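Numbering (the working numbering), first residue to last: 9 to 417. Presented below is the structure to which this report refers.
Set out below in structure tokens:
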């Protein structure tokens, strides 16, 4: 048996994932101690008692939570105790430059896009262990939501054929306003015209959406530096990727909005969860769009149980996935998403999932209409997706992978 520490109370989405990990570890006979932000002093004291009596094997955290604990008193808490710090990033590593540079020495980093492994190994030499960990669906939370809805967890047909009044659900915030806060002071980048550079990169991303954001920034930056006969060092390149990472969010937001807008303007009814949609004039004027507003991560799941189709656009993960996909499948809905290299390797298009290319977004209404009009096809795809997700795409295999890696240390 191993003893783990987990951190909660900062982000509701991360808390949902953390609860799944705790359940899986507990089922395997391991012990979990939670550090909650609201009761941190008490929890830390209890953790130290557990360490004294039983020892601690690892901390498991999302998005660098608690990475620098103890540093105000001098030294990193996890390093001083010799405890492995397991850090699972749900976002691109370029959003966490400072945190990753200051990561505990005994860090194992997991990222949910294979391209992110390459990025970490290139720019963060201090992190010796970095692995791809496929994103996963929250099976335990969905089973709880099913129980609340009176649906048997063991009856696949009952789940898929349950009453589903929502045609299409998109669960995600339209975050243009928040992204604008990431725009840097272009005076910090005197080698270029920041406005023109940003516009060129964004046009490149939207016009050729199979590219990663860091690749587009580097490609355009090298051209700018060569034209000015300037040397581009790795450190300066990372400065630019860090400074212009807001472009990633704008590209994500653009396709997220366009996917929903194209559907509603084609006469398809879409329910959206999250903030930002109320700022779109077309959304306010559309009779085919129902805006529910912000709900906590766990509250999204009952909406998925009521949806025929769960629509997803990836947060620019070109070789990864998003939990919307697997939660949608586990909820018995049919999932429609843009493709990635990882998804194409895991699923057969039009069998377990319906995938489209961002550069051919106008094909989306036909895909969705076909599924809504053909109940047999849609439900067959939902059943196959559900079975595949239950076997391969929950936190159960993810936790086993983490334990296997921990056992090799």
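Quick reminder that beta carbons are idealized off the backbone N, C-alpha and C, glycines included. Owing to the predicted nature of the structure, the values given are computational and were not obtained by experimental measurement.
Just the C-alpha distance for residue 41 and residue 143, rounded to the nearest angstrom, thanks. 23 Å
Whole beta strand (DSSP E) runs in the region 197-229 with 3 or more residues, listed along the chain? none
Looking at residue 397: is its Cβ nearer than 7 Å to the Cβ of residue 337? yes
Taking the alpha-carbon of residue 289 as reference, which of 303, 273, 366 has the nearest alpha-carbon? 273
N-terminal and C-terminal residue of the beta strand (DSSP E) that residue 175 is part of: 174-179
As assigned by DSSP and simplified to three states, the class of residue 135: coil
Cβ shell of residue 297 (< 6 Å), same chain only, five flanking positions each side left out: 272, 278, 291
With 16 other Cβ atoms within 10 Å as the buried cut-off, status of residue 132: buried
Same chain only: Cβ atoms within 7 Å of residue 168, ignoring 5 sequence neighbours per side: 340, 387, 390, 391, 394
Nearest by alpha-carbon distance to residue 83: which of 64, 164, 113 is it? 113
So, with DSSP's three-state summary, where would you put residue 321? coil
Sheet register partners of residue 38 (DSSP bridge): Note: residue 38 sits in no beta bridge, so no partner.
The region 349-363 contacting the region 182-198, beta-carbon criterion three pairs below 8 Å: no
Along the beta strand (DSSP E) that carries residue 144, what are the first and last residues, could you check? No beta strand (DSSP E) contains residue 144, which DSSP labels as neither H nor E.
Going along the chain, which unbroken runs of the beta strand (DSSP E) with 3 or more residues stay wholly within the region 318-402? 342-346, 362-364
Considering only residues of the same chain and omitting the five flanking positions on each side of residue 402, which have a CB-CB separation below 6 Å? 144, 145, 147
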